[in-house]
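Novice: Position 35 of the sequence shown, counting from 1, maps to 35 under UniProt numbering, and the rest follow consecutively.
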Amino acid sequence: MPEKVKDHLSNKKRKRTSGFLARKRTKSGRKILARRRRKGRKRIAIS
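Dropping the structure here:
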């Protein structure tokens with residue numbers, strides 16, 4: 001994806017699909033958070 005196009009992607013969409021609250025909402029999302037915590041990620045979700 002060209003750099004210029006990337007800048008135009010909506011932050012709202014990004015948060016709604018891969019934000020912390022979106023992850024908390026589903027069972028698989030909570031699994032992702034747990035896995036990232038276990039791995040020791042500095043950021044466990046986009047927020």
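Built from N, CA and C at the ideal position, the CB exists for glycine as well.
#1: Quick one: what's residue 19 bridged to in DSSP?
#2: When burial is assigned at 16 or more other CB atoms within 10 Å of the CB, is residue 38 buried or exposed?
#3: Is the CB of residue 46 under 8 Å away from at least one CB in chain D?
#4: Please return the same chain residues whose Cβ sits closer than 8 Å to the Cβ of residue 18, not counting the five positions on each side in sequence.
Specialist: Based on what the coordinates show:
#1: Stepping through the sequence shown from its first residue, residue 19 is reached at position 19. Per DSSP, 46.
#2: If you number the sequence shown from 1, residue 38 lands on position 38. The residue in question, residue 38, is exposed, as its Cβ has fewer than 16 Cβ neighbours within 10 Å.
#3: In summary, chain D is missing from the structure at hand, where a single protein chain is found.
#4: In the sequence shown, counting from the first residue as 1, residue 18 sits at position 18. If we look at residue 18 and ignore the five residues flanking it on each side, its Cβ neighbours are 45 and 46.
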